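Peer 1:
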Amino acid sequence: MKCRELLKGLTYECIKGGVDVNVSEVVNDSRKVSKDCLFLCIEGANFDGHKFAAQVAEAGASVLVVSKPVELPKDADVTVIQVADTRYAMAFIAAAYYGNPAAEMKVIGITGTKGKSTTTYLIKNILEAAGHKVGLVGTIETLIGDKAIPSANTTPESLTLQKYFREMADAGCDTVVMEVSSQGLMMHRTQGFVFDYGIFTNMEPDHIGPNEHASFEEYMQCKGLLFKQCRVGIANCDDKHWQQVLEGYTCRLETYGFSEEADLRASSLELTTGAGYLGIEFDVDGLMQLHAMVDVPGKFSAYNALTAIAVCRHFGVSQEDILSALSKAKVKGRIEMVKVSDDFTLMIDYAHNAMSLESLLTTLKEYRPNRLVCLFGCGGNRSKLRRYEMGEVSGKLADLTIITSDNPRFEEPQDIIDDIKQGIAKTSGAYVEICDRKEAIRYAITHGEPGDIIVLAGKGHEDYQEIKGVKYPMDERVLIREILEELQA
26 MKCRELLKGL TYECIKGGVD VNVSEVVNDS RKVSKDCLFL CIEGANFDGH
76 KFAAQVAEAG ASVLVVSKPV ELPKDADVTV IQVADTRYAM AFIAAAYYGN
126 PAAEMKVIGI TGTKGKSTTT YLIKNILEAA GHKVGLVGTI ETLIGDKAIP
176 SANTTPESLT LQKYFREMAD AGCDTVVMEV SSQGLMMHRT QGFVFDYGIF
226 TNMEPDHIGP NEHASFEEYM QCKGLLFKQC RVGIANCDDK HWQQVLEGYT
276 CRLETYGFSE EADLRASSLE LTTGAGYLGI EFDVDGLMQL HAMVDVPGKF
326 SAYNALTAIA VCRHFGVSQE DILSALSKAK VKGRIEMVKV SDDFTLMIDY
376 AHNAMSLESL LTTLKEYRPN RLVCLFGCGG NRSKLRRYEM GEVSGKLADL
426 TIITSDNPRF EEPQDIIDDI KQGIAKTSGA YVEICDRKEA IRYAITHGEP
476 GDIIVLAGKG HEDYQEIKGV KYPMDERVLI REILEELQA
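Residue numbers (the working numbering): 26 to 514.
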């Protein structure tokens, strides 16, 4: 492929060599340089690809894309392209290199503080029930046909994202649904193509601090970039920040929510309970009329379902397919109910900070359980403040807290538990501490009482426990199955 073809749509200056050189592949990792490749000098928080320019040129790269001057050997036979921002350029170059695969599919992007993962799976389930083949990119995994790739970032780097898109299009996918993080938008990972549908779920202060966002205002502004990169925007107009997030939007706009002003409205929400499960049902009016039922608890589950309906109606999906898919919807580690008894309800959830834990426990209390039991730990080598806050939240809202180990990393599990106890000490909440997570889960199951709701919080979709730099296999679903088998024996 000619370098010139990869630079279409970009403003650049060729400061050395010529743009008609051949390019064999596109890379941004100096360890993966090959002969005649195009190398993007990316500047990150802890590294700078510009420092490897001479090494990359000597290794046989035919093109360097830079945003500032680089030092090269005098006899280096390499083309140097200067752009304003190499991350931005990388998105367009990656799209061109992989043949602009997004143009071959409908692309749905979902941004917001909460609900992104669950909503992507709901949309995928509904569209596949209607006969579509759907790829998925998100916090938990990337799904391409039967292939599942564990995720390192919610929104991958543009070079990886375009590679996934190419694989999806080649596998016959007609649609891709993806989570779009504020970091991904800020770092231009989703440039180089236009989303067919951009969705805003909700907004709360999060991801603010070093190496993330400088302020809540910046966080909102980055989320809002999606609505300058999509054809149709679909926004939750119940969120108090929605208009601020969408300020300056350039797409056609629709709204959803419980508000009377919403284009797609939910009303008459009812909580439902059964043997070992919790759910909701509600009416939908406005752009579509139906009565929806979801076996996942809480008002936020109604929002997730309503979001999915708002998107899928654009694909001409029948009411029957929507209702059937919603009734079967399950997302690994997101209020994932695991049947262990008809007497009490047990669920696994990824809630791993005070905000998400408070939201979850407050929702579950609305079901008026006999007892609300919360089992959780906190990650090592992370902020101690999170431990105090989560301890205080669980102490206030749960009738019993079971403190255990999460991913201790390079800290001692007992030290983390002691920090959590400082938070609980601010409340009158009852607690027990059982460091071994499997034994803690065994305690929760064997001490479950009729009408209890038991939450295993913090691990969610994770299937490992990280100790001293090693990730050991540990899936809570497997632990539960082993415990039940051992109790039966």
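We put the CB at the ideal spot given by N, CA and C, even for glycine.
Since we're looking at a predicted model, the values are computed, not measured.
If you drop the 5 nearest sequence neighbours on each side, which residues of the same chain put their C-beta closer than 6 Å to that of ALA300?
Peer 2: The sequence position of residue 300 within the sequence shown is 275, counting from 1. Here the set comprises ASP367.
Peer 1: Can you tell me which of the three DSSP states THR332 falls into?
Peer 2: Within the sequence shown, numbered from 1, the residue matching residue 332 stands at position 307. Correct three-state label for THR332: helix.
Peer 1: ARG338 to ASN261, Cα distance in whole Å?
Peer 2: Here the question's residue 338 lines up with position 313 in the sequence shown. Here the question's residue 261 lines up with position 236 in the sequence shown. Between ARG338 and ASN261, the C-alpha separation is close to 16 Å.
Peer 1: If you reduce the DSSP assignment to three classes, tell me which class LYS64 lands in.
Peer 2: Translated into the one-based positions of the sequence shown, residue 64 becomes position 39. In the sequence on display, residue 64 carries Phe and not Lys. In this structure, PHE64 counts as strand in the three-state DSSP scheme.
Peer 1: Below 8 Å, can you find three or more Cβ-Cβ pairs linking the segment 96–110 to the segment 29–42?
Peer 2: Cβ pair count under 8 Å is three or more, so yes.
Peer 1: Just to confirm the assignment, what range does the alpha helix (DSSP H) spanning CYS247 have?
Peer 2: Within the sequence shown, the letter at position 222 stands for residue 247. Run containing CYS247: 241–249, per the alpha helix (DSSP H) assignment.
Peer 1: Return the first residue and the last residue of the alpha helix (DSSP H) that ARG462 is part of.
Peer 2: As a first step, residue 462 is located in the sequence shown; it is residue number 437 there, counting from the start. First-last of the alpha helix (DSSP H) with ARG462: 462–471.
Peer 1: For LYS463, which residues from the same chain have a beta carbon less than 6 Å from its beta carbon, with the 5 sequence-adjacent residues on both sides left out?
Peer 2: As a first step, residue 463 is located in the sequence shown; it is residue number 438 there, counting from the start. Same-chain partners within the cutoff: LEU504.
Peer 1: Expressed to the nearest angstrom, what Euclidean distance is found between the alpha-carbon atoms of MET203 and ALA121?
Peer 2: For this step, residue 203 is matched to residue 178 along the sequence shown. For this step, residue 121 is matched to residue 96 along the sequence shown. Looking at the two C-alpha atoms, the distance is approximately 20 Å.
Peer 1: Please list the terminal residues of the continuous alpha helix (DSSP H) segment that includes THR387.
Peer 2: Mapped onto the sequence shown, residue 387 falls at position 362. Taken as a continuous stretch (DSSP letters only), the alpha helix (DSSP H) holding THR387 covers 379–390.
Peer 1: Which word fits LEU168, buried or exposed, when buried means at least 16 other C-beta atoms lie within 10 angstroms of its C-beta?
Peer 2: One-based indexing of the sequence shown puts residue 168 at position 143. Classification of LEU168: buried, given that the 10 Å Cβ count is 16 or more.
Peer 1: Can you list, in chain order, the residues of its chain with a C-beta nearer than 7 Å to that of ASP436? Leave out the 5 residues immediately preceding and following it.
Peer 2: Taking the sequence shown and counting its residues from 1, one reaches residue 436 at position 411. Looking at the sequence itself, residue 436 is Glu, so the reference to Asp does not match. Only GLY405 and ASN406 meet the Cβ criterion.
Peer 1: For the candidate residues PHE190, LYS172 and ASP171, whose alpha-carbon lies nearest to that of THR180?
Peer 2: In the sequence shown, counting from the first residue as 1, residue 180 sits at position 155. Among PHE190, LYS172 and ASP171, the Cα nearest to that of THR180 is on PHE190.
Peer 1: Under 8 Å, with one C-beta from each stretch per pair, do the segment 415–426 and the segment 444–459 reach the 3-pair mark?
Peer 2: Yes: the two stretches touch, three or more of their Cβ pairs being nearer than 8 Å.
Peer 1: Considering only their Cβ atoms, is the gap separating PHE220 from GLN254 smaller than 8 Å?
Peer 2: The residue you call residue 254 lines up with position 229 of the sequence shown. The residue you call residue 220 lines up with position 195 of the sequence shown. Result yes, Cβ atoms of GLN254 and PHE220 sit closer than 8 Å.
Peer 1: Taking the alpha-carbon of SER207 as reference, which of CYS198, GLY249, ALA177 and ASP171 has the nearest alpha-carbon?
Peer 2: Taking the first residue of the sequence shown as 1, we reach residue 207 at position 182. When each option's Cα is compared against that of SER207, the closest is GLY249.
Peer 1: Could you check the C-alpha separation between ALA287 and CYS62 for me, to the nearest Å?
Peer 2: In the sequence shown, counting from the first residue as 1, residue 287 sits at position 262. In the sequence shown, counting from the first residue as 1, residue 62 sits at position 37. Taking the straight line from one Cα to the other gives about 50 Å.
Peer 1: If you follow the beta strand (DSSP E) that GLU279 is in, where does it begin and where does it stop?
Peer 2: Position 254 of the sequence shown, counted from the start, is the residue given in the question as residue 279. Its beta strand (DSSP E) spans residues 277–282.
Peer 1: Does DSSP put HIS458 in a helix, in a strand, or in coil?
Peer 2: Numbered from its first residue, the sequence shown carries residue 458 at position 433. One point to set straight first is that residue 458 is Glu, not His, in the sequence displayed. Correct three-state label for GLU458: strand.
Peer 1: To the nearest angstrom, how far is it from the Cα of GLY476 to the Cα of LEU371?
Peer 2: Working through the sequence shown from its first residue, we reach residue 476 at position 451. Working through the sequence shown from its first residue, we reach residue 371 at position 346. C-alpha separation (whole angstroms): 11 Å.
Peer 1: Could you pull out every residue in the same chain whose Cβ sits closer than 7 Å to the Cβ of SER292, ignoring the five residues on either side in sequence?
Peer 2: Against the sequence shown, residue 292 aligns to sequence position 267. Once the five neighbours on either side are set aside, the close Cβ partners of SER292 are PHE283, PHE307, ASP308 and ASP310.
Peer 1: According to the Cβ coordinates, are ILE347 and ILE224 closer than 8 Å?
Peer 2: In the sequence shown, the residue the question calls residue 347 occupies position 322. In the sequence shown, the residue the question calls residue 224 occupies position 199. Going by C-beta atoms, ILE347 is not nearer than 8 Å to ILE224.
Peer 1: Out of curiosity, what's the CA-to-CA distance linking SER430 and ASN178?
Peer 2: As a working mapping, residue 430 is identified with position 405 in the sequence shown. As a working mapping, residue 178 is identified with position 153 in the sequence shown. Whole-angstrom Cα-Cα distance: 24 Å.
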